[in-house]
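This report refers to the structure that appears directly beneath it.
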Amino acid sequence: MKMQRSISLGRSFAMVLPLSLLRTAQNQPMLVELKNGETYNGHLVSCDAWMNIHLRDAICTSRVRCFVSLSTN
């Protein structure tokens, strides 16, 4: 029989695993930020063991980028 342990930090905090947190947040609004700066707003439908997520009514917002070209004429 497996026992689940939680880590105490001097208060009554329990360690929350990321996958269980995501599964608990199903059908809740969520904002996801990718490494490239894009953000997705939507409602969490599901997630798998690799943290691939499925959002409903998702809206993608890209980070504003400004490119400046300098010429030496």
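Just so you know, the sequence shown maps onto residues -27 to -1, 1 to 46 in mature numbering (1 follows the signal peptide of the UniProt record, and there is no 0).
Don't be surprised by glycine CBs; every beta carbon is placed ideally from N, CA and C.
Item, Value
"Leu28 and Ala(-3): beta carbons closer than 7 Å?", "no"
"Rounded to the nearest angstrom, how far is the Cβ of Cys20 from that of Arg(-5), given a contact under 8 Å?", "7 Å"
"Helix, strand or coil: how does DSSP classify Leu4 here?", "strand"
"On the DSSP bridge assignment, give the partners of Ser35 in chain order.", "BP columns for Ser35 are empty, so no partner."
"From the DSSP output, which residues share a beta bridge with Thr12?", "Glu6 and Thr34"
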